[in-house]
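Per our numbering, the very first residue in the sequence shown carries number 552; after that it's consecutive.
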Amino acid sequence: MSRLNKKRVVLIVTGGIAAYKALELVRCLRDDGAAVNVVMTAAAEHFVGRLSFQALSSEPVHTDLLDARAEGAMGHIELARWADIVIVAPATADFMARLRHGLADDLATTLCLATVAPILVAPAMNRQMWLNAATVDNTAVLKIRGIVFVGPDAGAQACGETGPGRMALPADIVAAAGALFPAGMLAGRRLMVTAGPTREAIDPVRYISNKSSGKMGYAIAQAAAEAGAEVILVSGPTRLSSPVRVHRTAVISADEMYDAVMAVVDDVDIFVACAAVADYRVEAPAQQKRKKDNHSLNLTLTPTRDILQSVTARPTPPFAVGFAAETEDLLQNARSKLERKSLDMIAANQVGIEGLGFDSNDNELYVLWKGGEQHLAKASKDVIARQLIGLVADRCHSRA
Ligand code: CTP
Numbered sequence: 552m553s554r555l556n557k558k559r560v561v562l563i564v565t566g567g568i569a570a571y572k573a574l575e576l577v578r579c580l581r582d583d584g585a586a587v588n589v590v591m592t593a594a595a596e597h598f599v600g601r602l603s604f605q606a607l608s609s610e611p612v613h614t615d616l617l618d619a620r621a622e623g624a625m626g627h628i629e630l631a632r633w634a635d636i637v638i639v640a641p642a643t644a645d646f647m648a649r650l651r652h653g654l655a656d657d658l659a660t661t662l663c664l665a666t667v668a669p670i671l672v673a674p675a676m677n678r679q680m681w682l683n684a685a686t687v688d689n690t691a692v693l694k695i696r697g698i699v700f701v702g703p704d705a706g707a708q709a710c711g712e713t714g715p716g717r718m719a720l721p722a723d724i725v726a727a728a729g730a731l732f733p734a735g736m737l738a739g740r741r742l743m744v745t746a747g748p749t750r751e752a753i754d755p756v757r758y759i760s761n762k763s764s765g766k767m768g769y770a771i772a773q774a775a776a777e778a779g780a781e782v783i784l785v786s787g788p789t790r791l792s793s794p795v796r797v798h799r800t801a802v803i804s805a806d807e808m809y810d811a812v813m814a815v816v817d818d819v820d821i822f823v824a825c826a827a828v829a830d831y832r833v834e835a836p837a838q839q840k841r842k843k844d845n846h847s848l849n850l851t852l853t854p855t856r857d858i859l860q861s862v863t864a865r866p867t868p869p870f871a872v873g874f875a876a877e878t879e880d881l882l883q884n885a886r887s888k889l890e891r892k893s894l895d896m897i898a899a900n901q902v903g904i905e906g907l908g909f910d911s912n913d914n915e916l917y918v919l920w921k922g923g924e925q926h927l928a929k930a931s932k933d934v935i936a937r938q939l940i941g942l943v944a945d946r947c948h949s950r951a
């Protein structure tokens with residue numbers, strides 16, 4: 552059976568000569584069992600009539616950010632939530648630039664901002680436009696954010712030139728889309744993981760933070776994606792690139808991380824709190840850079856909101872996994888956090904030891920849950936993450 556069977560595809564068609572090939576793509580997607588809603592940009596309508604897409608998808612075509620709501624049809628938020636995957640084919644250089652900058656001035660760009668589904672982009676443009684430094688740069692940034700590319704192919708172009716820029720064949724786009732839904736332990740599950748440190752501003756140039764590198768959280772995001780989950784990574788400031796097939800939201804402070812998590816947590820099946828969230832923030836950060844004087848400086852710190860605890864307090868909480876980084880009484884502290892934060896599972900690690908935990912490549916975990924525990928011996932964070940995801944999949948299947 553096709554991996555796209557029963558998957559919900561939003562196909563965004565932008566304005567290029569390759570738009571006519573998107574008609575064939577709709578047919579291929581439907582042949583594979585997918586439901587398709589087509590969104591056309593204003594420019595796309597100059598190339599292909601919406602009726603053709605309507606006939607092939609058996610759904611009304613969406614074109615306008617505001618009309619959809621007036622007509623009682625699916626608005627951008629509903630479409631963004633409905634989608635299991637968003638495919639942009641063909642994607643023009645202009646659309647890629649607008650996506651890179653997070654513009655939201657039409658239905659297509661707004662939908663891309665609002666969705667947590669993976670986004671697959673099939674560029675199509677003149678070869679010189681594809682090779683232009685601006686497009687190269689836009690592509691690199693979009694890839695770092697986890698957006699997946701298919702094509703472009705090289706060959707004869709509509710403009711008479713020959714080179715890279717032809718839209719990938721519809722069959723290749725369908726295959727690339729299918730590859731985003733691997734059958735695995737967490738196939739069909741949506742997992743959110745927080746990672747990295749947070750930064751709490753003292754003034755515009757100084758902050759309070761911690762030593763977390765984000766490596767463990769990113770390894771968990773990658774392991775979960777490999778296991779077939781749809782993954783949302785909410786990350787504090789790190790130097791890491793987003794793993795492929797992972798939707799990353801970048802945040803700075805504990806407050807921003809809280810808001811990013813709460814905005815989508817009701818739509819996830821599994822929540823892993825791996826971030827080293829600041830427990831306190833500066834109550835009144837200075838608006839201007841603080842000048843030194845010879846007196847001691849007192850900063851009033853105020854507690855941040857506990858993200859994990861707020862997640863488990865939801866009416867129907869996801870399967871919740873916490874981390875406990877401890878310098879002493881590891882297992883005892885972890886067990887009490889498991890209870891106190893109403894967790895399904897906690898992963899405890901000893902910190903303050905050279906070569907383990909914060910900012911190192913290796914880790915060692917004691918994973919605890921009600922009625923069981925497992926020691927994950929020292930190994931690379933990638934290996935530990937896969938083992939942890941294996942335990943999460945087992946426990947969450949037995950809870951379901
Ligand atoms: N956590 C969170 N939001 C916070 C603080 C912590 O989501 N504001 C999460 C962490 O991501 C981790 C777990 O809670 O999964 C435990 O974090 P930790 O800092 O070890 O525990 P605290 O509750 O802060 O307790 P203490 O500092 O007393 O050890």
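For every residue, glycine included, the Cβ atom is placed at its ideal position computed from N, Cα and C.
Asked: Please state whether the Cβ-Cβ distance between Glu712 and Asn761 is less than 9 angstroms.; Found: no
Asked: May I ask which residues mark the beginning and end of the beta strand (DSSP E) holding Phe822?; Found: 821-824
Asked: In three-state terms, what does DSSP make of Val695?; Found: The question names Val, but residue 695 is Ile in the sequence shown. Looking at Ile695 - three-state DSSP - the assignment turns out to be helix.
Asked: For Thr686 and Asn900, I'd like the C-alpha separation in whole angstroms.; Found: 43 angstroms
Asked: Looking at the secondary structure, which residues open and close the beta strand (DSSP E) in which Leu927 lies?; Found: 923-931
Asked: Can you find the residues in the same chain that come closer than 7 angstroms, C-beta to C-beta, to Ala709, ignoring five residues on each side of it along the sequence?; Found: Ile568
Asked: Please return the same chain residues whose Cβ sits closer than 8 angstroms to the Cβ of Asn884, not counting the five positions on each side in sequence.; Found: Ala875, Glu877, Ala899
Asked: Report the three-state DSSP secondary structure of Gln839 (helix, strand or coil).; Found: coil
Asked: For Ile952, which three-state DSSP category applies?; Found: Nothing can be reported for residue 952, as the shown portion of the chain is limited to 552 through 951.
Asked: Can we count Thr883 as close to the ligand CTP, meaning its CB is less than 8 angstroms from some heavy atom?; Found: According to the sequence provided, residue 883 is Gln. The question's Thr does not apply to it. No, the beta carbon of Gln883 sits no closer than 8 angstroms to any heavy atom of the ligand CTP.
Asked: Give me whichever residues DSSP pairs with Glu781 in a beta bridge.; Found: Arg741
Asked: Decide yes or no for the touch test of the stretch 699-709 against the stretch 655-663: beta carbon pairs closer than 8 angstroms, at least 3 of them.; Found: no
Asked: Using only the alpha-carbon positions, how far apart do Pro715 and Glu610 sit?; Found: 33 angstroms
Asked: Can you tell me whether Val756 is buried or exposed? The criterion is at least 16 other CB atoms within 10 Å of its CB, across all chains shown.; Found: exposed
Asked: In three-state terms, what does DSSP make of Ile940?; Found: helix
Asked: Below 8 angstroms CB to CB, which residues in the same chain sit around Asp635 once its five sequence neighbours on both sides are set aside?; Found: Lys558, Arg559, Val560, Ala668, Phe732, Glu781
Asked: Could you name each continuous alpha helix (DSSP H) segment of 4 residues or more that falls completely within the stretch 871-914, going from the start of the chain to the end?; Found: 881-891
Asked: Relative to the C-alpha of Leu742, which residue among Leu784, Val725, Ala719, Ser764 is closest?; Found: Leu784
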